[in-house]
Amino acid sequence: MASTSSRSVLLLLLAVAVVVSDAQLQLSETFYDATCPQAASIVQQKVNAFVDADRGLAAALMRLHFHDCFVRGCDGSVLLNSTDTILSEKEALLNKGSLRGFEQIDEIKMELECACPGVVSCADILALVARDATAKANSFRVIGHNTRGPIPYEIDVKDIYEEYGILCRLVALAGPCFWAV
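Here the sequence shown stands for residues -23 to -1, 1 to 158, where the numbers follow mature numbering (1 follows the signal peptide of the UniProt record, and there is no 0).
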């Protein structure tokens, strides 16, 4: 009976340890306030300048963060280069030539390293860049008066896709093709 009780206490302590350690790993907007207070402003200034020069870069920078987080969690691995024996995410068949913004991330990393050597992680840089690119991309004027007309009926949408050679199954996740094909 004592061994069952000991096991229960041990499991309870283990569960508490996991919860406490996990609670300390929570994200925080103020994480770098003490160690690199200028990190967020450096990233924001650089992203604003990059997106002002190339409006399409905002989406590319957001996409980098998505690709980093989607594969194995937000670890900055999308920024790694291939070696002789390991093909990187950056140069994988589906990503090669389609991901961009690496030079801009490198430039931001260099400036952060000058300001706070060894403090800001690459994964955090990608997250900050995606946040600031989203904010910058969202700051455009929307011109009113939609002249496209009403939203087409399902059959019209299907015809439009077929006109471009797109199968309905390919866009099922986009929403318009929700009927069985």
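Every residue gets a Cβ at the ideal spot worked out from N, C-alpha and C, and that includes glycine.
Since the structure is predicted, the reported quantities are computational estimates derived from the model, not experimental observations.
Check: Could you compute how far the alpha carbon of K73 sits from the alpha carbon of P14?; Outcome: 35 Å
Check: Quick check: what's the CA-CA separation for G142 versus A37?; Outcome: 26 Å
Check: Evaluate contact between the stretch 103 to 118 and the stretch 25 to 36, counting only Cβ atoms and requiring at least three cross-stretch pairs below 8 Å.; Outcome: yes
Check: Given this structure, state the Cα-to-Cα distance separating T12 from D136, to the nearest angstrom.; Outcome: 57 Å
Check: If I follow the unbroken alpha helix (DSSP H) through F79, where does it start and stop?; Outcome: F79 to A92
Check: Quick check: the stretch 49 to 57 against the stretch 94 to 105, are there 3 or more CB pairs under 8 Å?; Outcome: yes
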